[in-house]
Amino acid sequence: MRELNDDAVVLRTYRYREADRIAVLFTRHHGKVRVLARGARKTTSRLGAALEVLGHVGVDLVASRGDLFVARHVAHRSTLSTLRADYARIGAGYAIVEALDALPEGMADEAVYELAVRVLTTLDNPDYLPELVPASFYLRLLALDGSAPMVEACVECGRAAPLVAFDAEAGGVRCDRCRRGRPLSREGLALLRRVLGGDLATVLRDPDPPGAAEVSALAHEAAEAHLGRPLRALRALAGAPGVEAGSDR
Ligand SMILES: [Zn+2]
3 MRELNDDAVV LRTYRYREAD RIAVLFTRHH GKVRVLARGA RKTTSRLGAA
53 LEVLGHVGVD LVASRGDLFV ARHVAHRSTL STLRADYARI GAGYAIVEAL
103 DALPEGMADE AVYELAVRVL TTLDNPDYLP ELVPASFYLR LLALDGSAPM
153 VEACVECGRA APLVAFDAEA GGVRCDRCRR GRPLSREGLA LLRRVLGGDL
203 ATVLRDPDPP GAAEVSALAH EAAEAHLGRP LRALRALAGA PGVEAGSDR
């Protein structure tokens with residue numbers, strides 16, 4: 003009987019039969035894993051309480067048929083109670099798990115797992131504002147995959163200034179002669195560099211950093227171009243409602 007003990011983030015859940023739930027997890031060591039939680043939709047279920055979207059959990063699983071596992075024991079690694087109490091933070095969290103869910107099937111990557119947990123922990127910290135967290139997550143996810151956007155010079159000709167556009171397909175900024183993609187303001191470029199550099203903690207304390215909407219939009223575009231599929235949660239967040247779409251309750 004194959005057992006699996008690991009830490010995980012809950013990406014998505016759906017109903018199964020009368021009272022069961024299937025949860026899709028992103029684990030530290032085994033990539034994406036599907037888990038059947040028997041009785042999880044009963045209100046008294048401890049499995050159900052832990053296996054909710056955006057849960058950060060430790061799991062004890064047993065292999066079932068196909069690639070499905072059955073949950074034996076699930077415990078919270080952190081409760082993320084600040085995140086769970088705030089609509090904007092939950093929405094940002096959904097944008098994170100949606101991008102994780104869009105990663106290629108079977109890819110196990112501890113660095114991606116650790117980034118995800120770090121980002122959820124950031125969303126759970128009341129000192130930091132949630133608005134730019136998905137953008138910073140997307141950009142770091144690209145960087146982990148060796149596709150960090152080029153922001154110091156034009157991706158086409160290498161000129162350092164003036165940089166006036168961001169091209170998600172080419173993966174970087176463009177100068178005024180090679181302009182293509184979305185226009186990028188001076189403020190947007192400065193903020194993009196701060197988010198990608200070591201200044202993220204300061205950026206996330208600022209209630210309204212200049213260029214924030216631009217950086218959110220271009221990071222979203224870059225992530226969609228890289229993952230090869232649309233990411234809807236962030237758009238749903240901007241247009242709300244719709245952030246509860248991943249829950250089965
Ligand atoms: Zn150029």
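Each residue of the sequence shown is one higher than the last, beginning at 3 in my numbering.
Glycine included, C-beta positions come from ideal geometry on N, C-alpha and C.
Using the DSSP secondary-structure output, state which residues sit across from Pro185 in a beta bridge.
Position 183 of the sequence shown, counted from the start, is the residue given in the question as residue 185. DSSP output for Pro185 lists Ala167 as bridge partner(s).
Measure from the alpha carbon of Arg120 to the alpha carbon of each residue in Gly213, Leu85 and Ile24, then state which is nearest.
Counting from 1 along the sequence shown, the entry for residue 120 is found at position 118. A check of alpha carbon separations from Arg120 across Gly213, Leu85 and Ile24 identifies Leu85 as the nearest.
Note down, in chain order, each residue of its chain lying with its Cβ closer than 8 Å to the Cβ of Arg14, except the 5 sequence neighbours on either side.
Position 12 of the sequence shown holds residue 14. So the qualifying residues of the chain are Ala25, Val26, Val55, Val99, Asp103 and Gly248.
Could you compute how far the alpha carbon of Val217 sits from the alpha carbon of Ala137?
As a first step, residue 217 must be located in the sequence shown, where it is residue number 215. As a first step, residue 137 must be located in the sequence shown, where it is residue number 135. The alpha-carbon atoms of Val217 and Ala137 are separated by roughly 7 Å.
Using 8 Å for Cβ pairs, my map puts Leu141 next to Ala167. What's the rounded Cβ distance?
Residue 141 sits at position 139 when you count from the first residue of the sequence shown. Residue 167 sits at position 165 when you count from the first residue of the sequence shown. 17 Å between Cβ atoms; not a contact.
Below 6 Å CB to CB, which residues in the same chain sit around Leu202 once its five sequence neighbours on both sides are set aside?
Translated into the one-based positions of the sequence shown, residue 202 becomes position 200. So the qualifying residues of the chain are Ser138.
Should Ala97 and Leu233 be called a contact, given that it needs their Cβ atoms to be closer than 8 Å?
Working through the sequence shown from its first residue, we reach residue 97 at position 95. Working through the sequence shown from its first residue, we reach residue 233 at position 231. Yes, the Cβ-Cβ distance between Ala97 and Leu233 is below 8 Å.
Confirm the yes/no value for this check: CB of Arg74, any heavy atom of ligand 1, distance under 7 Å.
Translated into the one-based positions of the sequence shown, residue 74 becomes position 72. With a threshold of 7 Å, the Cβ atom of Arg74 does not count as near ligand 1, since no heavy atom of the ligand is closer than that.
Closest by CA to Phe71, which one among Ala39, Asp210 and Arg179?
The count along the sequence shown starts at 1 and reaches residue 71 at position 69. That would be Ala39, whose Cα lies nearest to the Cα of Phe71.
Count the other C-beta atoms from every protein chain shown that fall within 10 angstroms of the C-beta of Asp22, then say buried if there are 16 or more, exposed otherwise.
Numbered from its first residue, the sequence shown carries residue 22 at position 20. Asp22 is buried by the Cβ-count criterion.
CA-CA distance, Arg44 and Arg182?
As a first step, residue 44 is located in the sequence shown; it is residue number 42 there, counting from the start. As a first step, residue 182 is located in the sequence shown; it is residue number 180 there, counting from the start. The question names Arg, but residue 44 in the sequence shown is Lys. Taking the straight line joining both Cα atoms gives about 53 Å.
Taking 8 Å as the threshold (C-beta atoms), are Val153 and Leu198 in contact?
Within the sequence shown, the letter at position 196 stands for residue 198. Within the sequence shown, the letter at position 151 stands for residue 153. Leu198 is a Cβ neighbour of Val153, given a cutoff of 8 Å.
In the DSSP output, which residue or residues are listed as bridge partners for Phe28?
Here the question's residue 28 lines up with position 26 in the sequence shown. Bridge partners of Phe28: Val11 and Lys34.
Return the CA-CA distance between Glu5 and Arg74, expressed in angstroms with no decimal places.
As a position in the sequence shown, residue 5 is number 3, starting the count at 1. As a position in the sequence shown, residue 74 is number 72, starting the count at 1. Roughly 10 Å separates the two Cα atoms.
May I have the straight-line CA-CA distance separating Thr46 from Leu143, to the nearest angstrom?
Stepping through the sequence shown from its first residue, residue 46 is reached at position 44. Stepping through the sequence shown from its first residue, residue 143 is reached at position 141. Rounded to the nearest angstrom, the two C-alpha atoms are 37 Å apart.
Under 8 Å by Cβ, that's how I've got Leu122 and Leu82 pegged, so tell me the actual separation to the nearest angstrom.
Counted from its first residue, the sequence shown places residue 122 at position 120. Counted from its first residue, the sequence shown places residue 82 at position 80. Indeed, because the Cβ distance is near 6 Å, the residues count as touching under 8 Å.
Please enumerate, following chain order, all residues with a beta carbon closer than 6 Å to at least one heavy atom belonging to ligand 1.
Taking each Cβ in turn, the ones that pass are Cys156, Glu158, Cys159, Arg161, Arg176, Cys177, Arg179 and Cys180.
Nearest to Glu150 by alpha carbon, out of Ala224, Glu112, Ala65 and Arg176?
Residue mapping note: residue 150 aligns to position 148 of the sequence shown, counting from 1. Checking the displayed sequence, the identity of residue 150 turns out to be Ala instead of Glu. Among Ala224, Glu112, Ala65 and Arg176, the Cα nearest to that of Ala150 is on Ala224.
Where does Glu112 land, buried or exposed, given buried means 16+ other C-beta within 10 angstroms?
Translated into the one-based positions of the sequence shown, residue 112 becomes position 110. Its Cβ having fewer than 16 others within 10 Å, Glu112 is exposed.
How far does the beta strand (DSSP E) with Arg86 in it reach, from first residue to last?
On the sequence shown, residue 86 is found 84 positions in, with the first residue counted as 1. Here Arg86 belongs to no beta strand (DSSP E); instead the alpha helix (DSSP H) covers Ser83 to Arg86.
What is the DSSP secondary structure of Ala73, counted as helix, strand or coil?
Residue mapping note: residue 73 aligns to position 71 of the sequence shown, counting from 1. Ala73: strand per DSSP, three-state reduction.
Are any of the Cβ atoms in chain E nearer than 8 Å to that of Leu53?
Given the protein chain composition of this structure (a single chain), no chain E is represented.
Report all residues from its chain with a CB closer than 6 Å to the CB of Thr29; omit the five preceding and five following residues, and keep chain order.
For the purposes of this step, residue 29 is taken as the residue at position 27 of the sequence shown. So the qualifying residues of the chain are Asp8, Ala10 and Val35.
Note down, in chain order, each residue of its chain lying with its Cβ closer than 8 Å to the Cβ of Leu131, except the 5 sequence neighbours on either side.
Locating residue 131 in the sequence shown gives position 129, where the first residue counts as 1. Excluding sequence neighbours, Leu131 sits near Leu206, Arg207, Asp208 and Pro209.
To the nearest angstrom, how far is it from the Cα of Pro164 to the Cα of Val61?
In the sequence shown, residue 164 corresponds to position 162, counting from 1. In the sequence shown, residue 61 corresponds to position 59, counting from 1. Looking at the two C-alpha atoms, the distance is approximately 51 Å.
Does the separation of the CB atoms of Gly33 and Ala42 fall below 8 Å?
Against the sequence shown, residue 33 aligns to sequence position 31. Against the sequence shown, residue 42 aligns to sequence position 40. Going by C-beta atoms, Gly33 is not nearer than 8 Å to Ala42.
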